[in-house]
Structure formats: structure tokens, C-alpha cells
Amino acid sequence: MPNDAYEKAQARFWVKFIAEKCHRAIFKVISSHGEEQAVAEAHEQLQFLENELNVRGNKFFGGDNIGLVDICAGYTVFWAGAAEEAIGTEVVVTKDKFPKIREWCDNCINCQVVKDGLPPRESLVAYYKGWFGKP
1 MPNDAYEKAQ ARFWVKFIAE KCHRAIFKVI SSHGEEQAVA EAHEQLQFLE
51 NELNVRGNKF FGGDNIGLVD ICAGYTVFWA GAAEEAIGTE VVVTKDKFPK
101 IREWCDNCIN CQVVKDGLPP RESLVAYYKG WFGKP
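So the sequence shown is numbered by UniProt numbering: it starts at 1 and just counts up by one.
In C-alpha cells:
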């Protein structure tokens with residue numbers, strides 16, 4: 001967390017926004033297998049985050065160092081990407097629609113401390129295939 005009180009409040013806001021708005025919207029898309037209305041709702045929420053990242057222009061949410069907001073959001077693309085691969089669609093955080101989110105999450109996922117805590121992608125895809133009933 002940042003030391004500055006305002007920046008700390010900002011971080012708390014974005015963590016809550018990502019958890020309550022973005023994560024839920026992405027899960028709804030994946031569980032509906034990419035239903036059009038769910039995709040539209042997810043894209044609406046993600047656009048707020050994309051806009052904020054464009055304004056900030058940093059490698060990580062708070063600057064040059066990874067923080068709580070980065071970890072909260074970074075894993076989302078990793079897990080959502082594996083789920084999308086399992087159901088055979090890429091509709092949520094696409095590179096053409098959300099380039100800043102993808103770049104930011106790639107920075108987070110490629111951070112060694114995060115990378116060390118992630119499960120192998122193949123295992124996650126296999127898990128989601130089982131969960132969604134795909135061979």
C-alpha cells in the first residue's frame with residue numbers, strides 16, 4: 001500500500017472496484033460461455049479500468065513497483081485467460097479492446113514474485129475444462 005493517505009484511499013477504491021465489478025463481470029461472462037449481454041456488461045466495467053490506466057501511464061498501478069492493486073487485477077487476466085481457453089473463446093480482456101489492461105496485467109504476471117505464486121497454466125486450463133464439462 002502507498003504511504004500517502006490519498007493514494008492509499010485510491011488503492012482501496014480500485015481493489016474494491018476490481019473485486020466487486022470487474023471480477024464478477026468476468027466470471028459472469030465465463031460462466032455464461034461468452035453470452036453477449038454478459039460480455040457487454042464486463043466491457044463496460046473494464047473500460048473504467050482501461051481509462052484509469054491510460055491516465056496513469058505507469059508500468060504498475062502505483063508507479064514502478066508492484067502493489068496491492070496490481071496483484072488483485074493481474075491474476076484476473078491469468079485466470080480468466082485460462083478459463084476462456086477452456087471454453088474456447090476469448091471475449092473478455094482482449095488485446096484490441098483493452099490494450100492497457102493487457103499490458104499492465106502482463107507486467108504483473110511477469111513480475112517474479114507473482115509468477116512464483118501462480119499455478120501452471122495447463123493445470124488451470126484442465127481444471128476449467130473439467131468445471132465447464134469440456135473434454
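Built from N, CA and C at the ideal position, the CB exists for glycine as well.
Of all C-beta pairs linking the segment 65-77 to the segment 95-111, three or more are shorter than 8 Å, placing the two stretches in contact. According to DSSP, G63 shares a beta bridge with F60. For R56, same chain residues with a beta-carbon under 8 Å away, outside a window of 5 residues either side, do not exist. In the structure shown, the three-state DSSP call for C72 is helix.
For P120, the secondary structure class from DSSP, reduced to helix, strand or coil, is coil. One alpha carbon belongs to V91, the other to A5, and they sit about 37 Å apart.
Contact annotation: K129 and A86 have beta-carbon atoms nearer than 8 Å.
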